[in-house]
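Here's the structure we're looking at; comments come further down.
In full-length UniProt numbering, the protein residues as written are 1 to 453.
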């Protein structure tokens, strides 16, 4: 069979497969990237098939055809005739991946030969060889990453298992965060909620997310964090510091730690060990990678109670698309993930610089970058604000405001947390509210008296 015939067989098998009868079809989406198809039409068809399967849990040839248009009808009809491939889809998909790898390797080698032919010195030749070696190693690493995604092999029957859990006696329809004031205001996160935590840089978005993770797992729920900004070890350090009640900065200078600090670190590690917390530490993740990994993780760990994404602006998008449209697809995709997994998605988001140009710097929904689609898709939006960042003499020093600026199923409002040692902690709400609303003392200006002569 030619490469094109193998690709057609994969498309035909996918169009004919029933996901309920073949739940292992999701394995193909985890191991077969769109770019592996050499034919453009097959790439487009496969992308649409995968989108519908992940968002609607169905593969319908009619819906695929309607989404793509008339020019794809002939090639889809020809592919469907290859019905004999349906039982061996995984094997043919593996061949498509291998053929893609071979084509890529051939291209890399051809480029290296061209560079060697054009080399004028020994150094230029050695540079070309080094670049060839690096490119081939990079290809091997990418191939390994695809294989590693095979965690999705456990996706079989995920919908059935989730429905069974949702119908279980005593199963709640909301996720309590463990922060009493927040739970009182929201009633907990609905299992299909998209929740946004938004703030300007250095206010504490990640730290607040880690605080939520700590509370949720303390109550027995599992969490999955996609960390595209901080490394896994940095996340672990912050969690240990928070659990031990000491500043994360102290961990950077272990030689200066005192006995009490070591005791706090030990207590923090002891408190966090065996918590159902998982971290995927990777940059430039795509929406599809996040969705596939989260779905697979839910199947393997049914106790997964929340998915965290840090942060929205670092998710890789189609650069050829208008940015606001691309961001809209990301936010709607995360909402679809929450609905499919019956697990709330908590995404962190940056705010625009316009906040800094106002007298009142408390953020509002309009301050969200590309706010239209994000605000529309989110069920809850929490804006973080610390007045001391703008006024070192603020009466609210050490207080963080969590402004619930959108609550689709309840009231808006403000809760307060103490911000100490770089961590969010409980605080008396009435006292914090009074201090946050108090005006800073104005220094009395002394003017010299001028006399007219």
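Here a beta-carbon is modelled for each residue, glycine too, at the ideal position from N, C-alpha and C.
Note that the coordinates shown come from a computational prediction; the quantities given were computed from them, not determined experimentally.
If you check the CB distance, residue 34 and residue 89 do not come in under 9 Å. Here residue 301 carries a coil assignment [DSSP, helix/strand/coil]. Counting C-beta atoms within 10 angstroms of its own C-beta, residue 390 has fewer than 16 neighbours from the protein chains shown and is therefore classed as exposed. For residue 73, the enclosing alpha helix (DSSP H) has its first and last residue at 73 to 80. One thing to note: residue 380 has its Cβ within 9 Å of the Cβ of residue 186.
Of the candidates 251, 295, 203 and 129, the residue whose Cα lies closest to the Cα of residue 23 is 295.
Residue 316 sits in a strand when the DSSP states are folded into three classes. Remark: C-beta atoms of residue 180 and residue 311 do not approach each other more closely than 9 Å.
By the Cβ criterion, the stretch 255 to 269 is not in contact with the stretch 298 to 318, since fewer than three pairs of Cβ atoms, one from each stretch, lie closer than 8 Å. For residue 281, same chain residues with a beta-carbon under 6 Å away, outside a window of 5 residues either side, are 227, 231 and 232 in chain order. Rounded to whole angstroms, the separation of the alpha carbons of residue 239 and residue 66 is 48 Å. In the DSSP assignment, no residue is bridged to residue 429. Straight-line measurement puts the Cα of residue 122 at about 53 Å from the Cα of residue 241. In this structure residue 369 touches residue 351 by the C-beta definition: roughly 7 Å separates them, less than 8 Å. Straight through space, the alpha carbons of residue 82 and residue 49 are spaced by roughly 17 Å. Judged by DSSP in its simplified three-state form, residue 37 adopts coil rather than helix or strand. Per DSSP, the unbroken alpha helix (DSSP H) holding residue 205 starts and ends at 205 to 218. In terms of CA proximity to residue 105, 133 leads the group 133, 431 and 365. With respect to residue 216, residue 306 sits close: the two C-beta atoms are nearer than 9 Å.
Boundaries for residue 225: no alpha helix (DSSP H) harbours it, while the beta strand (DSSP E) harbouring it runs 222 to 227, taken from the DSSP string.
Of the residues 214, 324 and 328, the one whose Cα lies closest to the Cα of residue 278 is 214. Scanning 438, 437, 433 and 397 for the CA closest to the CA of residue 422 turns up 397. Check the Cα spacing between residue 355 and each of 365, 348 and 46: the tightest is with 365. The three-state reading of DSSP puts residue 279 in strand, counting E and B together. For the 9 Å CB-CB criterion, residue 363 and residue 130 do not form a contact. Rounded to whole angstroms, the gap between the alpha carbons of residue 254 and residue 260 is 12 Å. With a cutoff of 9 Å on beta-carbon distance, residue 176 and residue 219 are scored as near each other.
Pairing residue 361 with residue 345 gives a Cβ-Cβ distance that is not under 9 Å.
For residue 264, the CB contacts under 8 Å within the same chain, skipping 5 residues up- and downstream, are 244, 245 and 246 in chain order. Pairing residue 313 with residue 377 gives a Cβ-Cβ distance that is not under 9 Å.
About 5 Å separates the Cβ atoms of residue 286 and residue 316, confirming a contact at the 8 Å cut-off. The three-state secondary structure of residue 352, taken from DSSP, is coil. By the criterion of a C-beta distance shorter than 7 Å, residue 293 is surrounded in its chain by 280, once the five residues flanking it on both sides are discounted. Our two residues, residue 210 and residue 93, have alpha carbons roughly 39 Å apart in a direct line.
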